[in-house]
Amino acid sequence: MNLSQVEIGKEYVIKCINTDDEELNSFLFSLGCYSGENITVIAIRNGTCVVAIKDARYSIDMQLAEAIIV
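As structure tokens, then:
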């Protein structure tokens with residue numbers, strides 16, 4: 018299941034990032050978003066997804082959220 022389908026407020030473990038774009042993979046890795054890392058969806062609003070990774074919160078678009086498999 019991807020991040021756009023998860024329960025808000027529940028912590029999940031990232032299984033993989035489903036993209037062939039190396040630049041996108043590098044960007045997500047710089048945020049701490051990689052396989053084995055915990056992630057929590059805080060809110061989904063207006064086509065964006067607010068996530069918590071480690072001690073930080075980020076707003077990502079839904080296309081990116083759909084590439085993150087938990």
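Residue numbering for the sequence shown is 18 to 87, as defined by our numbering. The C-beta atom is built at its ideal place from N, Cα and C for all residues, glycine as well.
Distance, residue 37 Cα to residue 67 Cα: Straight-line Cα distance between these residues: approximately 23 Å.
Nearest residue (CA-CA) to residue 26, options 77, 53, 57 and 33: Nearest C-alpha to residue 26: 57.
Length-filtered (3 minimum) beta strand (DSSP E) runs lying within the region 48 to 80: Secondary structure within the region 48 to 80: the beta strand (DSSP E) runs of 3 or more consecutive residues, fully enclosed, are 55 to 62, 65 to 70 and 73 to 78 (chain order).
Range covered by the beta strand (DSSP E) that runs through residue 11: Limits of the chain in this structure are 18 at one end and 87 at the other, which puts residue 11 out of reach.
Nearest-angstrom Cα separation, counted from residue 75 out to residue 60: Cα to Cα, the separation comes out at about 11 Å.
Cβ-Cβ separation, residue 43 to residue 82 (assumed contact under 8 Å), whole Å: Taking a contact as a CB-CB distance under 8 Å, the pair residue 82 and residue 43 does not count as one, their CB atoms being some 18 Å apart.
Between the CA atoms of residue 77 and residue 63 - distance to the nearest angstrom: Their backbone Cα atoms lie some 11 Å apart in a straight line.
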